[in-house]
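In order, the protein sequence lines correspond to chains W and H. With my numbering as the guide, the letters of the first sequence map in order to residues -15 to 584. With my numbering as the guide, the letters of the second sequence map in order to residues -15 to 584.
There are 2 protein chains.
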Amino acid sequence: MKGWIGKVLRVDLTKGEWKTEELDKDMASKFIGGRGLGSKILFDEIDPKVDPFSPNNKLIMATGPLTGTSASAAGRYMVITKSPLTGTIACSNSGGHFGAELKFAGFDLIIFEGKAKEPVYLYVEDGKVEPRDAKAIWGKTTHETTDQILSETDMDARVSCIGPAGEKLVKYACIINDKHRAAGRSGVGAVMGSKNLKAVAVKGSGSVTIADKEAFRKATLDGFQKIKANPVTSEGLPAYGTCVLVNIINTSGIFPTRNFQQSVFEGAEKISGETLADDILVRNRACFACPIACGRVTKVKNPKYEYFGEGPEYESDWSMGGCCGVDNLDAIGKANYLCDVLGFDPISAGVTIACAMELFEKGILSTKEIGRSLNFGDADAMLEMVRAIGYREGFGDALAEGSYRLAEKYGHPEFSMTVKKQEFPAYDGRGAQGMGLQYATSNRGACHVRGYMTSPEILGSPQKLDPFETEEKAGWLKIFQDLTAVVDSAGICLFNTFALGGPEILEYLKAATGIQMSLDELMKTGERIWNLERLFNFKAGLTGKDDRLPDRLLKEPVSSGPAKGRVVELAKMLPEYYELRGWDKEGQPTKARLKELGLV
Amino acid sequence: MKGWIGKVLRVDLTKGEWKTEELDKDMASKFIGGRGLGSKILFDEIDPKVDPFSPNNKLIMATGPLTGTSASAAGRYMVITKSPLTGTIACSNSGGHFGAELKFAGFDLIIFEGKAKEPVYLYVEDGKVEPRDAKAIWGKTTHETTDQILSETDMDARVSCIGPAGEKLVKYACIINDKHRAAGRSGVGAVMGSKNLKAVAVKGSGSVTIADKEAFRKATLDGFQKIKANPVTSEGLPAYGTCVLVNIINTSGIFPTRNFQQSVFEGAEKISGETLADDILVRNRACFACPIACGRVTKVKNPKYEYFGEGPEYESDWSMGGCCGVDNLDAIGKANYLCDVLGFDPISAGVTIACAMELFEKGILSTKEIGRSLNFGDADAMLEMVRAIGYREGFGDALAEGSYRLAEKYGHPEFSMTVKKQEFPAYDGRGAQGMGLQYATSNRGACHVRGYMTSPEILGSPQKLDPFETEEKAGWLKIFQDLTAVVDSAGICLFNTFALGGPEILEYLKAATGIQMSLDELMKTGERIWNLERLFNFKAGLTGKDDRLPDRLLKEPVSSGPAKGRVVELAKMLPEYYELRGWDKEGQPTKARLKELGLV
């Protein structure tokens, strides 16, 4: 096989056994790799109704056929499992170097089954597989764990691991690789923790074989040139990182503030990418084969918030910042750093803390439950909660369950800013209708990278759409959702798509794998993956009723700013979306469409 | 200061003391950094007649103002000292990540003085300096040393170190950083060994401050776009690495074969970059901030030559290959790998072995001296000699002195292919007259990167010159020599110059440092550096008589191929060169020119 390594590692943690399987070539052609292929395997192999923390759930680490090649930003790997936060299928995507090294070590995917009796980590070197005792590193931070495993295995290995949060089953724990990159959302790190699997270290001297080297060289050169010609990928992201969005989104009036009570944050400038570059940026850092280098190495010297690490990204800058009413960039950076070393998703954490802040300010929670006051804008309170979440200490234990379970526990689920129990990211759908529809229909709950409608609605790429308009948004969203499924599955970074579209990605894939297909077929593949995820969720018990938004977004008009007076007009868009998808009025995929997609 | 960090670390190894000094801003403006600034400091601080292995020699590790910035391929650092191989000033230049990290750790330069009583290494973290005991790692390979120091200091540190060859004062020992990058030529590693300094490890959370961020962003974007538009930097080097040159240079009839007895190698195809890509290439690797990624990660599976590492580069591919008549790429790769881990220059090693092969085939050396037969084309004999050099074992002890001392010892210095006792690289000057002049006049002995005349004479960049023509070569060479001095001193990779010229590099420097200068002034700076090096050498005892070439290149016409019948017409070019340089007929810089350059 070309592009793919052609090998799958299956590890039975219960028995401490493993075997190598051939990658099913037909399945790989049909689902590409990464997200698509991992979802197909999960779909085929587990009961979607399984308890996510049961040994019967599986955890799949998957690369795509482009991962580890010289295609632009081709360093992605994904973790697919059933999410403990949402109960849906989960696929979390991460950059860095781990994914490429996994392929160099000889495998496209690792499927983890069962549960180890005691903490273990897995070391894979050039096809050799060795489970090792992890008792001594259980409880350690992700950074300590990485360093320790490197010194025990090989200095040039790459490590993905969980921190205390994953061990303690924080519902939105993540898996950290290369110290600063995260398979971040939906609690995949908690599933890893539930299996007593502390880490995976990989090292390899292999490489990825390319089907048509000349065509691939041409495609990658074309890709790099387009990335260097595009202002977002050649200027905005390198100069300011993802936080370049703070001012843009705030000015557009969709920067959710104080748990979505407002949509413009008066402190935005203080936490913007520009301020970050001036105040705490040390330098940029790039993932494997990435010409963009959006990663921010940052340093805070103020002893109260001192750290040296990476981030914050736009999402954590917002979740710990605007969403909590906090405009202290040093504190936000430190909070983000704690999420990295303790190992949990800063989006869900920040939005959950914001929910608790609203509950506190509304008198639903008091200092008695929380152990302290918890007002919007209180940076130190926010930071204290972040630390508490990582160790599930004190009120952190309740916060570790996520915003929905927290708000429900105290009788007010309406203050939980979630879809399918997963917290919103940093765009208010009321001022960007396509984003609203995207959130409602995402297969893993509220998510900005399941079809990034911000691109046309706010950034004007590939063309500018009126964000307040509902018409045609369903059609645009479908294309974005399907294309994103392709990009993720291929193993390249979604940020490519600011400069590259379907045709360029198709050229990458054709040249790397040798599989010839049309752009229509490629988009159909994305649609197949989308529908497969939907099928998993329906089998897990979800229905079209779960394509909903919190009442705040549907009924409470935005209070001020450019989006003033607006709500998400979901009812206008959802039926059209279902129809375009070939689903029935209840959102159930029709037999005909599933047959057409080769899913039945 | 902008661009520069503004701090110099001075370490007295004899006393085990160190201090931080302010970088002299005027001196930095006048000599840029790296090679220029380091040479100026060496010139001012040591007696050029000093024994290179005396504690009175100094070893300077120097970065440029662009090192560690996001300018293209801005990861260079240099080692400046008096060379034990040539007796001239030495400046060896290396990529990887060490140079950038040295600046992040807080210093532009480190000046090592004296000699430690016992083996030590230096650890520098964010301005904190700590000499540490290196007795336990003395004798270890560069890879073992790097791993051990990382585990003792910080996993994210960067290490430059010597191997057994440096400890044993192999005359052309190098300093290896980041395991696979080398300050390769002129024996700088032996000077480090003579000081009992095993390694330097650096780690920092600092960054490089840019004077005009907007202008710098523009300059770097322009640079990247030009690199991606140029076929050498966007296709040739990424696809085939520096070994892309094997077929080009061989077809041009200037691929020195069997110690320069021929100039076309019948086995070239077997050791070409194309064959390397097909047979042993695992993947590319890029240095800090490099969009070219010419580095070759390679792997040989044949148990006899098994290794997994980096290289060979064009130069080592040739020196262990064509120059020794060897067409076995696996063996060449392994030889290159041994040079990396044992720590010595594969160019000098290969050419010295080739010299010994000629002495053996001519009956001047026998199996008695060597301990075995040593014929051209014998890959295993070549490999055995390489290993022996690294440990100075058996005949390796004689080879460790370099080709000139070896040939002289056995009464036949005419078979030493050297200038100023340093071995030639992989271009026969007889078929490229400008290269011939370049070799004769280089300030560090035979060298391809002291004005890369191959670029116009063979590759046709920036315009094609007739390689056999002597006219105007002196003028071209002067420009190339001066521009190269600028590029090295700035801290960016010379490979930039396939796509970028003086104007682009000037933009980088102006934006980074804030120092305004014209292109003329920039070129004058390069000329200043060139003349300073010349002055050092003259004070060390060299004269214009040392601007010579071996008789083989001056009197033995090329035997076959495109350059058949040609010799280097040095006498035609040298007087013109001296005149253009403003030197007298004996090659001595005139007072007037030195005054004009601000050197007296």
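The beta carbon of each residue, even a glycine, is placed where N, CA and C say it ideally should be.
| Item | Value |
| --- | --- |
| On the DSSP bridge assignment, give the partners of M62/W in chain order. | A46/W, N77/W |
| Would you list the one or two residues that DSSP bridges to A120/H? | DSSP lists no partner for A120/H. |
| On a Cα-Cα basis, can you pick out the residue from Q447/H, G355/H, D138/H that is closest to W460/H? | Q447/H |
| Take every Cβ of the segment 510 to 521 of chain W, pair it with every Cβ of the segment 565 to 581 of chain W, and state whether three or more of those distances are shorter than 8 Å. | yes |
| Give the C-beta separation of S23/W and I94/W to the nearest angstrom, bearing in mind that I take them to be a contact with Cβ-Cβ under 8 Å. | Going by Cβ atoms, the distance from S23/W to I94/W rounds to 15 Å, so no, they are not a contact pair. |
| Here's the rule I'm using: 16 or more other beta-carbon atoms within 10 Å means buried, otherwise exposed. How should P103/W be labelled? | buried |
| Determine whether the beta carbon atoms of F272/W and G80/W lie at a separation below 8 Å. | yes |
| Can you list the alpha helix (DSSP H) stretches of 4 or more residues lying completely in the segment 487 to 561 of chain H, in chain order? | 503 to 524, 535 to 539 |
| CB-CB under 7 Å to E85/W, same chain, minus the five flanking residues each way: which ones, in chain order? | R142, V186, K187, G188 |
| Go through its chain and collect everything with a Cβ distance to A382/W's Cβ below 6 Å, but skip five positions before and after it. | L390 |
| Does the separation of the CB atoms of S67/H and P546/H fall below 8 Å? | no |
| If I'm right that R428/H touches S170/H with Cβ under 8 Å, what's the distance once you round it to whole angstroms? | 5 Å |
| So is E586/H buried or exposed if we call it buried at 16+ other beta carbons inside 10 Å? | Missing from the structure shown is residue 586/H; chain H here goes from -15 to 584 and no further. |
| My guess is that G90/W and R60/W are in contact by the Cβ rule of under 8 Å, so how many angstroms apart are they, rounded? | Going by Cβ atoms, the distance from G90/W to R60/W rounds to 18 Å, so no, they are not a contact pair. |
| If you draw a straight line from the C-alpha of V266/W to the C-alpha of G525/W, how long is it? | 47 Å |
| Taking M139/H as the query, report the chain W residues whose CB atoms sit under 8 Å from its CB, ordered along the chain. | T130, D131, L134, S135, M139 |
| As a quick exercise: from T481/W, E398/W, D92/W, pick the residue whose alpha carbon is nearest that of T4/W. | D92/W |
| What number of angstroms, rounded off, separates the C-alpha of S191/W from the C-alpha of L358/H? | 36 Å |
| Tell me Q406/H's beta-bridge partners as DSSP assigns them. | V403/H |
| Using a Cβ-Cβ cut-off of 7 Å (strictly less than) and excluding sequence neighbours within five positions of H127/W, which residues of its own chain qualify? | K163, V325 |
| Does V186/W come within less than 8 Å of chain H when only Cβ atoms are used? | no |
| Output needed in chain order: residues of the segment 195 to 210 of chain H with a Cβ under 7 Å from some Cβ in chain W. | R201, L205, F208, Q209 |
| Please list the terminal residues of the continuous beta strand (DSSP E) segment that includes A166/W. | 165 to 167 |
| Any Cβ of chain H within less than 8 Å of the Cβ of E219/W? | yes |
| Do we get a CB-CB distance below 8 Å when we pair V63/W with the residues of chain H? | no |
| Check the C-beta distance from T438/H over to M419/H and give it rounded, since I have them as a contact under 8 Å. | 6 Å |
| Can you tell me the Cβ-Cβ gap for L421/H and Y562/H, rounded? I've got them flagged as a contact below 8 Å. | L421/H to Y562/H, Cβ: 11 Å. No contact. |
| Taking a Cβ distance cut-off of 7 Å, strictly less, list which residues of the segment 273 to 302 of chain W are near chain H, in chain order. | P275, K283, F292 |
| Using a cut-off of 7 Å between C-beta atoms, extract the partners of S54/W located in chain H. | N268 |
| Which runs of the alpha helix (DSSP H) at least 4 residues long sit entirely within the segment 82 to 150 of chain H? Give them in chain order. | 82 to 88, 126 to 136 |
| Would you mind stating whether F452/W and Q417/W have Cβ atoms separated by less than 8 Å? | yes |
| To the nearest angstrom, report how far apart K197/H and E290/W are at their CA atoms. | 26 Å |
| Could you give the distance in angstroms between the alpha-carbon of F249/H and the alpha-carbon of P240/H? | 8 Å |
| How would you list, in chain order, the residues of chain W whose beta-carbon sits under 7 Å from the beta-carbon of S189/H? | V266, K283, F292 |
| Can you tell which of K575/W, P559/W, A576/W has the C-alpha that lies nearest to the C-alpha of K569/W? | P559/W |
| Check whether the Cβ of A223/W lies closer than 8 Å to any Cβ atom in chain H. | yes |
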